[in-house]
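Residue 1536 in my numbering sits at position 243 of the sequence shown, and the numbers go up by one each step.
The beta carbon of each residue, even a glycine, is placed where N, CA and C say it ideally should be.
As the structure is a computational prediction, the values presented were derived from the model and not from experiment.
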Amino acid sequence: MQFGVAPKARLMPRSKPRKEAMIGSVLNRESTADLLTSLFREKFRTKVHICFAPGRVNLIGEHTDYNDGFVMPAAIGFYTWVAAGRRQDRELRAYSGLYDEKVTLSLDELSGPPRRHWSDFFRGVAATLQEAGHNLAGANLVIHGEVPVGAGLSSSASLEVALALALTRLSGLALSRLELVKLCQRAEHEYVGTRCGIMDQFVASFGAAGHALMLDCRSLEYQLLPVPEDLRLVVCNSMVRHELASGEYNLRRHDCETGIKLLHAHLPEMRALRDIEIQDLERYKHVLPEQVYHRCRHVVTENRRVLKAASALETKDAALFGQLMYQSHASLRDDYEVSCKELDLLVELASHEAGVYGARMTGGGFGGCTVNLVRAECAALFQAHIAQTYRKETGIAPAVYICEAAQGAEAWPHQGSTPV
Ligand code: GLA
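The following block contains the structure:
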């Protein structure tokens, strides 16, 4: 992966500028793991387990996961790293480099509603694991995040999955990856307050280098589809963050639930929006409030686009895949209303660039990033040019990352001289 702009996450407090500066610019995982190990030992002087989980970009299939539908994300090479060492008591002590803050929690007092603090993630993951009957050991944790926060690249899920992996390994627990994914999703619902689908945690765990992951969110069956080597996934960060995103997200989900309830009276076989065709929706349009109809239309058409996009990827038809991306963006903008003017602009600008097959907003929306399917040899020029034109139009300097699909979560195989 090449970084257009180095991620800003800091690992150490301001009093340790040298190592801090080094880790911010480290581009390979070996060095990051070594530095994290030595920093952990400076703080805690115990054996260390290191786990990491990636952020993701969603190629197509937005707001379909919580409607039992299809999604096609890929993991990207920005990781959240967790270094964890076992404690003899029942405490969890975590230090976040990003927030330069330490938090101590007791494993016996983790319950409670979201506090709107980064510690909700590790409180939630630990609480959810324990509620599911997995007894955790006390732990010291150092968290280092490379995934840009608030950019729609799923820094939350990467943190949850890395934490869950670290805490369970440390406690000698053997959970299946799927159980871990589901528990992380539950932690986000109950302790963070976003009723997310399963896409982000799933790809953070099951993503594979060089592949997009086509997931059926009902059966949880998935297929790894190779991304042709002559294509790049270029991610443009609009640098716009929407503070109301999780409230709006839950509202969209509520609209879909209203749609299902009203349609169900006429289509009793239907369990989710996944189960209906556009003709069914048009036929019963009159039973739906206007806004609910538009939300449903997005989901129904988006599911069809994902299936077509999967075939396009299999036949290496980048032009068709790109057209489906543009259609997806228009539907998210007009029917689902989760785009914003900066994302629309980025898509519009991309459509005029050489070597671009398609572009769309990616992730929950209301700011964050676009994903662009670009011919490899045009990617660098595209990166420079779109940054320039977006800045000219908005006064905002975007971050543009040229990505390749990356590996999902893993435990680092060795920690220097102290294997665990
Ligand atoms: C967020 C959620 C996902 C998914 C996307 C929209 O990233 O965490 O579950 O719903 O939004 O596709």
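Does the ligand ATP have even one heavy atom less than 8 Å from the beta-carbon of THR1608?
The ligand ATP is absent from the structure shown, which contains only the ligand GLA.
Listed by chain order, which residues have C-beta atoms less than 5 Å from any heavy atom of the ligand GLA?
GLU1355, HIS1356, ASP1358, CYS1489, GLY1490, MET1492, ASP1493, GLY1656, GLY1657
Would the segment 1354–1366 count as touching the segment 1410–1430 if we require 3 or more Cβ pairs under 8 Å?
no
For PHE1371, the first and last residue of its enclosing alpha helix (DSSP H)
Position 78 of the sequence shown, counting from 1, holds the residue named residue 1371. Unbroken run through PHE1371 is the beta strand (DSSP E), 1363–1379; no alpha helix (DSSP H).
Alpha-carbon spacing of ALA1652 relative to GLY1615, whole angstroms
One-based indexing of the sequence shown puts residue 1652 at position 359. One-based indexing of the sequence shown puts residue 1615 at position 322. So the two alpha carbons sit approximately 7 Å from each other.
With ARG1349 and ASP1493 assumed to form a contact (beta carbons below 8 Å), what rounded beta-carbon distance in angstroms separates them?
Translated into the one-based positions of the sequence shown, residue 1349 becomes position 56. Translated into the one-based positions of the sequence shown, residue 1493 becomes position 200. At roughly 6 Å, the Cβ-Cβ gap stays under 8 Å, so ARG1349 and ASP1493 are in contact.
For ALA1603, which residues of its own chain have a beta-carbon under 7 Å away from its beta-carbon, when the five flanking residues on both sides are left out?
Within the sequence shown, numbered from 1, the residue matching residue 1603 stands at position 310. So the qualifying residues of the chain are MET1365, MET1507, LEU1518.
Rounded straight-line distance, which links the Cα of GLY1486 to that of CYS1510:
Residue 1510 sits at position 217 when you count from the first residue of the sequence shown. Residue 1486 sits at position 193 when you count from the first residue of the sequence shown. When rounded, the distance between both Cα atoms is 21 Å.
Enumerate in chain order the residues of its own chain whose CB-to-CB distance from PHE1495 is below 7 Å, with the five nearest sequence positions on each side excluded.
The count along the sequence shown starts at 1 and reaches residue 1495 at position 202. Within the same chain, PHE1495 has close Cβ partners VAL1474, LEU1508.
For TYR1515, three-class secondary structure by DSSP:
Counting from 1 along the sequence shown, the entry for residue 1515 is found at position 222. Note: TYR1515 maps to strand in three-state DSSP.
Between the CA atoms of ASP1548 and GLU1591 - distance to the nearest angstrom:
Here residue 1591 refers to the residue found at position 298 of the sequence shown. Here residue 1548 refers to the residue found at position 255 of the sequence shown. Sequence inspection shows His at residue 1591; the Glu mentioned does not correspond to that position. Spanning the two alpha carbons is a distance of roughly 12 Å.
If you pair each beta-carbon of the segment 1561–1578 with each one of the segment 1320–1330, do three or more pairs fall below 8 Å?
no
Spell out the partners DSSP gives TYR1388 in its beta bridges.
The residue given as residue 1388 occupies position 95 in the sequence shown. Note: TYR1388 sits in a beta bridge opposite LYS1395, VAL1435.
Cβ pair count under 8 Å reaching 3, the segment 1331–1342 against the segment 1369–1379:
yes
Once DSSP output is grouped into helix, strand and coil, what is the label at ARG1275?
Residue 1275 is absent from the model: the chain starts at 1294 and stops at 1713.
Which of the three DSSP states is assigned to GLU1655 in this structure?
Taking the first residue of the sequence shown as 1, we reach residue 1655 at position 362. In the sequence under discussion, the amino acid at residue 1655 is Thr, which differs from the Glu named in the question. Strand at THR1655.
DSSP on MET1315, reduced to helix/strand/coil?
Position 22 of the sequence shown, counted from the first residue, corresponds to residue 1315. Note that MET1315 has pLDDT 35, beneath the 50 cutoff, so the model's placement of it is unreliable and no number is given.
Per the contact definition of three or more C-beta pairs closer than 8 Å, is the segment 1454–1465 in contact with the segment 1424–1434?
yes
Supposed contact pair ALA1605 and LEU1613 - C-beta distance, whole angstroms, cut 8 Å:
The residue labelled residue 1613 in the question sits at position 320 within the sequence shown. The residue labelled residue 1605 in the question sits at position 312 within the sequence shown. Between ALA1605 and LEU1613 the Cβ distance is about 4 Å, and since that is below 8 Å, they are a contact.
Looking only at its chain, what residues have a beta carbon closer than 8 Å to the beta carbon of ILE1423, apart from the 5 residues adjacent to it on each side?
In the sequence shown, counting from the first residue as 1, residue 1423 sits at position 130. It is Gln, not Ile, that sits at residue 1423 in the sequence shown. Contacts found: LEU1400, LEU1403, LEU1429.
Kindly give me the distance between the Cβ atoms of ASN1360 and ARG1534, rounded to whole angstroms, as I take these residues to be in contact under 8 Å.
Numbered from its first residue, the sequence shown carries residue 1360 at position 67. Numbered from its first residue, the sequence shown carries residue 1534 at position 241. Rounded, the Cβ-Cβ distance is 25 Å, inconsistent with contact.
What's the gap between the Cα of ILE1316 and the Cα of ASN1665?
Mapped onto the sequence shown, residue 1316 falls at position 23. Mapped onto the sequence shown, residue 1665 falls at position 372. Reliability of the predicted coordinates at ILE1316 is poor, the pLDDT of 39 falling under 50, and the value obtained from them is presented with this limitation in mind. For ILE1316 and ASN1665, the distance between alpha carbons rounds to 28 Å.
Judging by CA-CA distance, which residue of GLY1658, SER1331, GLU1697, ALA1455 is the nearest neighbour of ALA1716?
It is not possible to answer for residue 1716, since the shown part of the chain is limited to 1294 through 1713.
Helix, strand or coil for CYS1344? Go by DSSP, reduced to three states.
As a position in the sequence shown, residue 1344 is number 51, starting the count at 1. Correct three-state label for CYS1344: strand.
Taking the alpha-carbon positions, what's the GLU1697 to LEU1574 distance?
Along the sequence shown, read from residue 1 onward, the residue named residue 1697 stands at position 404. Along the sequence shown, read from residue 1 onward, the residue named residue 1574 stands at position 281. In a straight line, the C-alpha of GLU1697 is about 37 Å away from that of LEU1574.
Buried/exposed call for ASP1627, threshold 16 Cβ in 10 Å:
Your numbering for residue 1627 matches position 334 in the sequence shown. The residue is exposed, with fewer than 16 neighbouring Cβ atoms inside 10 Å.
Should the segment 1384–1394 be called in touch with the segment 1431–1446, which here means at least 3 C-beta pairs below 8 Å?
yes
Count the other CB atoms within 10 Å of the CB of HIS1356; is the residue buried (16 or more) or exposed (fewer)?
Taking the sequence shown and counting its residues from 1, one reaches residue 1356 at position 63. So HIS1356 ends up on the buried side.
If we cut at 9 Å on Cβ distances, does THR1397 have a partner in chain D?
The chain labelled as chain D is not found in the depicted structure, where only one protein chain is given.
Local Cβ density within 10 Å of ALA1702, reported as buried at 16 or more and exposed below that
Here residue 1702 refers to the residue found at position 409 of the sequence shown. It is buried - the Cβ of ALA1702 has at least 16 other Cβ atoms within 10 Å.
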